[in-house]
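Asks: Under this note's numbering, the first residue of the sequence shown carries the number 420, and numbering increases by one thereafter. Yeah, the Cβ is synthetic: ideal placement off N, Cα and C, and Gly gets one too. Since the model is a prediction, treat every value here as computed from it, not as a measurement. For reference, the structure I am asking about is given below.
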Amino acid sequence: MSVFADSSALVKLYADEPGHEIVRALDALIVSAIARVEVPAALWRKERLGELDVAQAETLVAAFEADFLGTADESPPYAAVASAPAVLESAAQLTATHGLRPYDAIQLASGLAAAGADPQCEAFACFDDELRAAAARSGFVLVPD
Numbered sequence: 420m421s422v423f424a425d426s427s428a429l430v431k432l433y434a435d436e437p438g439h440e441i442v443r444a445l446d447a448l449i450v451s452a453i454a455r456v457e458v459p460a461a462l463w464r465k466e467r468l469g470e471l472d473v474a475q476a477e478t479l480v481a482a483f484e485a486d487f488l489g490t491a492d493e494s495p496p497y498a499a500v501a502s503a504p505a506v507l508e509s510a511a512q513l514t515a516t517h518g519l520r521p522y523d524a525i526q527l528a529s530g531l532a533a534a535g536a537d538p539q540c541e542a543f544a545c546f547d548d549e550l551r552a553a554a555a556r557s558g559f560v561l562v563p564d
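Written as structure tokens, this is what we have:
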């Protein structure tokens with residue numbers, strides 16, 4: 420089974436936060452293209468809050484970027500759903516349906532697009548309460564449960 424992971428879950432692959440062990444045990448992750456912006460932003464925010472020093476933030480952001488973009492020798496360890504017009508249109512509708520913030524709506528729309536393309540994508544890894552509730556209402560199994 421593949422799992423869609425929003426940025427709140429994806430950050431836990433890099434930063435030791437509560438729940439990181441759950442996310443690190445998942446296989447076959449699918450993410451939204453907006454994670455390219457959200458994950459580094461979250462890691463740099465940790466630096467500004469004093470949870471990481473500059474060197475740690477640089478290291479974690481570099482590790483994320485190498486994973487997200489892949490390297491000449493390795494493909495990215497997760498698939499990214501592009502923020503295509505259909506995903507953005509779905510996200511716009513989800514803001515009304517679930518009252519989500521814009522980026523959360525894009526995350527859910529990306530998860531729904533992933534599930535539409537891959538019937539094995541039945542789970543949604545997320546640590547944001549509002550987005551988790553919307554994902555559950557959309558039919559996803561939640562991680563953590």
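To the nearest angstrom, how far is the alpha carbon of residue 533 from that of residue 500?
Replies: For this step, residue 533 is matched to residue 114 along the sequence shown. For this step, residue 500 is matched to residue 81 along the sequence shown. Their backbone Cα atoms lie some 7 Å apart in a straight line.
Asks: Going by C-alpha distance, which of 433, 454, 448 and 491 is nearest residue 465?
Replies: Translated into positions along the sequence shown, residue 465 becomes position 46. Of the listed residues, the one whose Cα sits closest to residue 465 is 433.
Asks: Residue 561 by DSSP, collapsed to three states: which one?
Replies: The residue labelled residue 561 in the question sits at position 142 within the sequence shown. DSSP places residue 561 in strand when its eight states are reduced to three.
Asks: Tell me the residue span of the alpha helix (DSSP H) that contains residue 491.
Replies: On the sequence shown, residue 491 is found 72 positions in, with the first residue counted as 1. No alpha helix (DSSP H) holds residue 491; DSSP gives it neither H nor E.
Asks: Could you please give the first and the last residue of the uninterrupted beta strand (DSSP E) stretch that includes residue 430?
Replies: Within the sequence shown, residue 430 is the residue found at index 11, counting from 1. No beta strand (DSSP E) holds residue 430; DSSP gives it neither H nor E.
Asks: Near residue 458, what residues of its chain come up, given a Cβ to Cβ distance below 7 Å and the 5 sequence neighbours on each side ignored?
Replies: For the purposes of this step, residue 458 is identified with residue 39 of the sequence shown, where counting begins at 1. So the list reads 426, 429, 430 and 483, once near-sequence residues are dropped.
Asks: Is it right to say residue 551 is buried, meaning 16 or more other beta carbons lie within 10 angstroms of its own, or is it exposed?
Replies: As a working note, residue 551 is residue 132 in the sequence shown. So residue 551 ends up on the buried side.
Asks: Cβ of residue 536 within 7 Å of Cβ of residue 510?
Replies: Here residue 536 refers to the residue found at position 117 of the sequence shown. Here residue 510 refers to the residue found at position 91 of the sequence shown. Cβ atoms of residue 536 and residue 510: not closer than 7 Å.
Asks: Three-state secondary structure (DSSP) at residue 546?
Replies: If you number the sequence shown from 1, residue 546 lands on position 127. In the structure shown, residue 546 sits in coil (DSSP, three-state: anything other than H, G, I, E or B).
Asks: Select from 553, 488, 505 and 471 the residue whose C-alpha is nearest the C-alpha of residue 454.
Replies: Translated into positions along the sequence shown, residue 454 becomes position 35. Among 553, 488, 505 and 471, the Cα nearest to that of residue 454 belongs to 488.
Asks: Check whether the Cβ of residue 468 lies closer than 7 Å to any Cβ atom in chain C.
Replies: Among the protein chains of the structure shown there is no chain C, as only one such chain exists.
Asks: Please return the same chain residues whose Cβ sits closer than 6 Å to the Cβ of residue 524, not counting the five positions on each side in sequence.
Replies: Indexing the sequence shown from 1 puts residue 524 at position 105. Taken in chain order, the residues that qualify are 510, 513 and 514.
Asks: Using DSSP with H/G/I as helix, E/B as strand and the rest coil, what is residue 440?
Replies: Here residue 440 refers to the residue found at position 21 when the sequence shown is read from its first residue. Of the three classes helix, strand and coil, the one that applies to residue 440 here is helix, per DSSP.
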